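Participant:
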Amino acid sequence: MKETKFIGQNKEKWTEFEDMLREDRHDPEKLNDLFIQITDDLSYARTFYPNRSVRMYLNTLAQRVFHNIYRGKRFPAERLRRFWTDELPQMFWEERRALLLSFCLFALAFGIGVVSSMINPDFSRIILGDGYVDMTIKNIENGDPMAVYKDSGPFGMSVTIAGRNLFVAFQTAVLGVLASLGTVFILLYNGIMVGAFQYFFVEKGVFWQSFLTIWIHGTLEISAIIIAGTSGMVAGSGLLFPGTYTRGQAFQISLRRGLKIFFGIVPVILLAAFFESFFTRYTDTPAAVRAAFILTSLAFVLWYFVWLPRHKARSGAFREPVRDKELPPDREHVIDFTAIKSSGEILSDTFSLLRRHPKMTLLWLLGTVVLFGCWSFGFSHKNSANTFFFADIPYWPFDMLSGVGQLFSNETAPFLYFFQILLLCGLTVSAFRALELETDAGERPHFPVRRVLLSALPLLLPMPGYIALLSIEGGFLPAMAAYPFLALWSAVIYFETLNPFTALFRAFRIMRWGAGFLLGFLLLVLNTLLFMFIEFPVWERALELFSWLVPRTEGAMASFVMIATTCAAALILYFVFLLMQIGGALQYFSNREVADAGALYGDIEKIGVSRQIRGLARE
46 MKETKFIGQN KEKWTEFEDM LREDRHDPEK LNDLFIQITD DLSYARTFYP NRSVRMYLNT
106 LAQRVFHNIY RGKRFPAERL RRFWTDELPQ MFWEERRALL LSFCLFALAF GIGVVSSMIN
166 PDFSRIILGD GYVDMTIKNI ENGDPMAVYK DSGPFGMSVT IAGRNLFVAF QTAVLGVLAS
226 LGTVFILLYN GIMVGAFQYF FVEKGVFWQS FLTIWIHGTL EISAIIIAGT SGMVAGSGLL
286 FPGTYTRGQA FQISLRRGLK IFFGIVPVIL LAAFFESFFT RYTDTPAAVR AAFILTSLAF
346 VLWYFVWLPR HKARSGAFRE PVRDKELPPD REHVIDFTAI KSSGEILSDT FSLLRRHPKM
406 TLLWLLGTVV LFGCWSFGFS HKNSANTFFF ADIPYWPFDM LSGVGQLFSN ETAPFLYFFQ
466 ILLLCGLTVS AFRALELETD AGERPHFPVR RVLLSALPLL LPMPGYIALL SIEGGFLPAM
526 AAYPFLALWS AVIYFETLNP FTALFRAFRI MRWGAGFLLG FLLLVLNTLL FMFIEFPVWE
586 RALELFSWLV PRTEGAMASF VMIATTCAAA LILYFVFLLM QIGGALQYFS NREVADAGAL
646 YGDIEKIGVS RQIRGLARE
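Quick note, the sequence shown lines up with residues 46 to 664 if you use the numbering used here.
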């Protein structure tokens, strides 16, 4: 067929297709049929008119469709709108029992806080603390019970409150992974605290003044905590009720649903912080205006989280349940050492390696903690309760992270710094040996003992800087930012060259800083979440649960708490270090492919090489 005849036969179809793209008309069936025909025409043009303009025209037309599709994926405005208007209300409808249970638990705890305050007048001091109670009594005596909301500037106050409330809500949701028990505990704790807090003002005769002030922001804030409790219960339901899935698969699904519910309340938490900072401070506002504000906030919560899901369900808008992302089939995960991977994929491969080689990684990890505990407390010249000085259970996680430097430098335990270096070298051995078992025989290095000693240099040289950073508040952040590069340097020494200086320049050359810092950030977040467990009263209750094992002698309980808390902190630190060493090595293989393209060149060399397969030549 001549080119002019080919164009004449299909010109009208191509014009219609261009008009659809230009006008952005939404007819998916028609667009799909035309796109298939366009690609067929493009294939025909490539075969018979490879050097003609018609091929370039059709190729451009097909590319426009491709870019439009992926541009929609990159900016999912419609998907975001559907999440807030359809998916989230439907999820609240499907999880309405969890929402009701969360509300009932909080209401029960609120009642316990009120009744306990009525029975014991000092109960508010136990829950709220002497400092806050004394300050509030002084404000009441000065004629301004709500003066606490006027002490700070509104902007700085809003940022602080938003961060604190997001942290509490995130704790409530994340601790649902403990089979929902952590979430239930936080709900009860917060409910009792709010009940005691509100009754304290009733007891002082300023109930209405406090109510009309506190609940301006408290309506949204307490609602967010209850919904965060729903999120935690949904997240932990997969462990308790796996159904036809395996327990691991059910947990993946329930955790995803729980996190979606949590993300749905983030705007509510931010709005509550804004109200508390900018509106609550105006205590002279007429009572009617403040009451209307509270009722409006309550009406919004009930409308969006209760009435709207029920209305949509009754109107038939939820014909199908929310489809969870399909789980991949159960199969053995093989790590590809020639692929270029993102930070998320590297982290996923890291956990896969831990699961595939538990004896070489996790058992070594537990052994390291035992050795650390024996050395720190066995050779200490002080009582066990005074060996380390972690702060009391703090409210913000980085308060405790600033004391982790004691695990490296503590005058009560002799030569602790050098002993820690040996322990970290041992963890490096376990990480790299596990990786060796996954690599091809040609990738496995010779003289592993010598290589391990040299690969420990990236740990030995900057360790004084680590200690200095870890010893100051917030210093854990820059310390963690350096870990990806140091782990990569260590991997280059172990898998490529024994010269540490050559390895350093090589590491600088292949380091992908954006991906590396993202990996460090992910591990920092994981580290913080793990430390959250120690820093929250859940850890105290867990220690009390095993207190019956402690001898009833003076100081025994204090020693038990110190040893358990210190070993738990060391376990978290070693675990994150092990992840970083494995992730750094996996990062090395990915970055090496980006810089050298060894696997790509190998595949190119194979092109055109014929192979015999069952007697047939294959190109």
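We put the beta carbon where it would ideally sit given N, CA and C, even for glycine. Note that the coordinates shown come from a computational prediction; the quantities given were computed from them, not determined experimentally.
What are the uninterrupted segments assigned as alpha helix (DSSP H) that are 4 or more residues long and contained completely in the segment 385-434, given in chain order?
Facilitator: Listed in chain order, they are 388-401 and 403-423.
Participant: May I have the straight-line CA-CA distance separating Q54 from D86, to the nearest angstrom?
Facilitator: Taking the first residue of the sequence shown as position 1, residue 54 is located at position 9. Taking the first residue of the sequence shown as position 1, residue 86 is located at position 41. About 11 Å.
Participant: Could you check which residue in I339, L543 and L575 has the C-alpha nearest to that of E266?
Facilitator: Taking the first residue of the sequence shown as 1, we reach residue 266 at position 221. With distances taken between Cα atoms, E266 lies closest to I339.
Participant: Among L315, E638 and F464, which has the Cα closest to the Cα of T205?
Facilitator: The residue labelled residue 205 in the question sits at position 160 within the sequence shown. When only C-alpha atoms are compared, the closest one is L315.
Participant: Measuring only the C-alpha atoms, how far is C470 from F540?
Facilitator: Numbered from 1 along the sequence shown, position 425 holds the residue referred to as residue 470. Numbered from 1 along the sequence shown, position 495 holds the residue referred to as residue 540. Going by the C-alpha atoms only, they are around 16 Å apart.
Participant: Taking C-alpha atoms, which residue in R401, T341, S162 and G309 lies nearest to F215?
Facilitator: If you number the sequence shown from 1, residue 215 lands on position 170. Checking every option, the nearest Cα to that of F215 belongs to G309.
Participant: Measuring alpha carbon to alpha carbon, tell me which of F256, G263, A280 and A358 ends up nearest V332.
Facilitator: By one-based count along the sequence shown, residue 332 stands at place 287. First, the residue type needs correcting, since residue 332 is Ala and not Val in the sequence shown. Closest option to A332, Cα to Cα, is F256.
Participant: My output table needs one value for S454: the three-state DSSP class, helix, strand or coil.
Facilitator: For the purposes of this step, residue 454 is taken as the residue at position 409 of the sequence shown. DSSP places S454 in coil when its eight states are reduced to three.
Participant: Nearest-angstrom Cα distance between N235 and A630?
Facilitator: For the purposes of this step, residue 235 is identified with residue 190 of the sequence shown, where counting begins at 1. For the purposes of this step, residue 630 is identified with residue 585 of the sequence shown, where counting begins at 1. Their Cα atoms are separated by approximately 43 Å.
Participant: Applying the 10 Å Cβ sphere with the 16-neighbour rule, what's the burial state of E638?
Facilitator: Walking along the sequence shown from the start, residue 638 turns up at place 593. By the 10 Å Cβ count, E638 comes out buried.
Participant: Please state whether the Cβ-Cβ distance between F620 and L575 is less than 9 Å.
Facilitator: Locating residue 620 in the sequence shown gives position 575, where the first residue counts as 1. Locating residue 575 in the sequence shown gives position 530, where the first residue counts as 1. Cβ atoms of F620 and L575: closer than 9 Å.
Participant: For a quick check, are the C-beta atoms of V251 and I306 less than 9 Å apart?
Facilitator: Within the sequence shown, residue 251 is the residue found at index 206, counting from 1. Within the sequence shown, residue 306 is the residue found at index 261, counting from 1. No, the pair does not count as a contact, with Cβ atoms beyond the cut-off.
Participant: Assign A384 to one of two classes, buried (16 or more other C-beta atoms within 10 Å of its C-beta) or exposed (fewer than that).
Facilitator: Within the sequence shown, the letter at position 339 stands for residue 384. With fewer than 16 Cβ atoms within 10 Å of its Cβ, A384 is classed as exposed.
Participant: Pick helix, strand or coil for I380, following the three-state DSSP scheme.
Facilitator: In the sequence shown, counting from the first residue as 1, residue 380 sits at position 335. It is coil, neither helix nor strand.
Participant: Under the rule that 16 or more other beta-carbon atoms within 10 Å means buried, what is L42, buried or exposed?
Facilitator: Here the chain covers residues 46 to 664 and nothing more, so residue 42 does not appear.
Participant: Measure the CB-CB distance between L399 and L564 and report whether it falls below 9 Å.
Facilitator: Numbered from its first residue, the sequence shown carries residue 399 at position 354. Numbered from its first residue, the sequence shown carries residue 564 at position 519. No, the Cβ-Cβ distance between L399 and L564 is not below 9 Å.
Participant: I think I172 touches M238, with their Cβ atoms under 8 Å apart; what is that distance to the nearest whole Å?
Facilitator: Reading the sequence shown from its first residue, position 127 is the one you call residue 172. Reading the sequence shown from its first residue, position 193 is the one you call residue 238. Right, the Cβ-Cβ distance comes to about 5 Å (below 8 Å), so this counts as a contact.
Participant: Look up S360 in the DSSP assignment and say whether it is helix, strand or coil.
Facilitator: Residue 360 sits at position 315 when you count from the first residue of the sequence shown. Note: S360 maps to coil in three-state DSSP.
Participant: If I measure Cβ to Cβ from D394 and keep anything under 6 Å in the same chain, skipping five residues before and after, which residues do I get?
Facilitator: Working through the sequence shown from its first residue, we reach residue 394 at position 349. So the qualifying residues of the chain are I380 and L631.
Participant: Going along the chain, which residues of its own chain have a beta-carbon closer than 7 Å to the beta-carbon of F155, five neighbours each way excluded?
Facilitator: Position 110 of the sequence shown holds residue 155. Closer than 7 Å at Cβ, skipping near neighbours: G236, V239 and G240.
Participant: Do you know offhand how far L232's Cα is from T484's?
Facilitator: Your numbering for residue 232 matches position 187 in the sequence shown. Your numbering for residue 484 matches position 439 in the sequence shown. The alpha-carbon atoms of L232 and T484 are separated by roughly 47 Å.
Participant: Can you tell me the Cβ-Cβ gap for S276 and G221, rounded? I've got them flagged as a contact below 8 Å.
Facilitator: For the purposes of this step, residue 276 is taken as residue 231 along the sequence shown, with counting starting at 1. For the purposes of this step, residue 221 is taken as residue 176 along the sequence shown, with counting starting at 1. Sure, about 7 Å apart at Cβ, within 8 Å.
Participant: Determine the extent of the alpha helix (DSSP H) in which F155 is found, giving its start and end residues.
Facilitator: By 1-based counting over the sequence shown, the position of residue 155 is 110. Per DSSP, F155 belongs to the alpha helix (DSSP H) from R141 to I164.
Participant: Hey, out of E132, Y94, T547 and T49, whose CA is closest to L353's CA?
Facilitator: Stepping through the sequence shown from its first residue, residue 353 is reached at position 308. Checking every option, the nearest Cα to that of L353 belongs to E132.
Participant: Quick check on the DSSP output: the alpha helix (DSSP H) that includes P545 runs from which residue to which?
Facilitator: As a first step, residue 545 must be located in the sequence shown, where it is residue number 500. That run of the alpha helix (DSSP H) goes P545 to I555.
Participant: So for N184, helix, strand or coil by DSSP?
Facilitator: Mapped onto the sequence shown, residue 184 falls at position 139. The answer is helix: DSSP assigns N184 an H, G or I state.
Participant: Rounded C-beta distance between A430 and S604? I'm assuming under 8 Å.
Facilitator: Residue numbering aside, residue 430 sits at position 385 when the sequence shown is read from its first letter. Residue numbering aside, residue 604 sits at position 559 when the sequence shown is read from its first letter. Rounded, the Cβ-Cβ distance is 5 Å, consistent with contact.
Participant: Specify, as a first and last residue, the run of the alpha helix (DSSP H) that G293 falls within.
Facilitator: Locating residue 293 in the sequence shown gives position 248, counting from the first residue. R292 to F323 is the extent of the alpha helix (DSSP H) around G293.
Participant: If you draw a straight line from the alpha carbon of K58 to that of F93, how long is it in whole angstroms?
Facilitator: Residue numbering aside, residue 58 sits at position 13 when the sequence shown is read from its first letter. Residue numbering aside, residue 93 sits at position 48 when the sequence shown is read from its first letter. Roughly 20 Å between the two C-alpha positions.
Participant: Measuring alpha carbon to alpha carbon, tell me which residue in C612, F148 and T258 is nearest D189.
Facilitator: What you label residue 189 is simply residue 144 of the sequence shown in a count that begins at 1. Measuring from the Cα of D189, the nearest candidate turns out to be T258.
Participant: Looking at the unbroken alpha helix (DSSP H) that takes in G600, where does it start and where does it end?
Facilitator: Locating residue 600 in the sequence shown gives position 555, counting from the first residue. It is not in any alpha helix (DSSP H) - G600 carries neither H nor E in the DSSP assignment.
Participant: Over the uninterrupted alpha helix (DSSP H) stretch that includes E541, give me the two end residues.
Facilitator: Along the sequence shown, one-based indexing puts residue 541 at 496. Where E541 is concerned, there is no enclosing alpha helix (DSSP H), given that its DSSP letter is neither H nor E.
Participant: State the Cα-Cα distance for the pair P312 and P134, rounded to the nearest angstrom.
Facilitator: Here the question's residue 312 lines up with position 267 in the sequence shown. Here the question's residue 134 lines up with position 89 in the sequence shown. P312 and P134: Cα-Cα distance of roughly 15 Å.
Participant: Can you grab the Cα-Cα spacing for the pair Y115 / F128, in whole Å?
Facilitator: Translated into positions along the sequence shown, residue 115 becomes position 70. Translated into positions along the sequence shown, residue 128 becomes position 83. The pLDDT assigned to Y115 is 47, lower than 50, so where the model puts this residue is not dependable, and the model offers no usable value.
Participant: Would you check if the distance between the CB atom of T473 and the CB atom of Q626 is smaller than 9 Å?
Facilitator: Walking along the sequence shown from the start, residue 473 turns up at place 428. Walking along the sequence shown from the start, residue 626 turns up at place 581. Yes; because the gap between Cβ atoms is below 9 Å, this pair is in contact.
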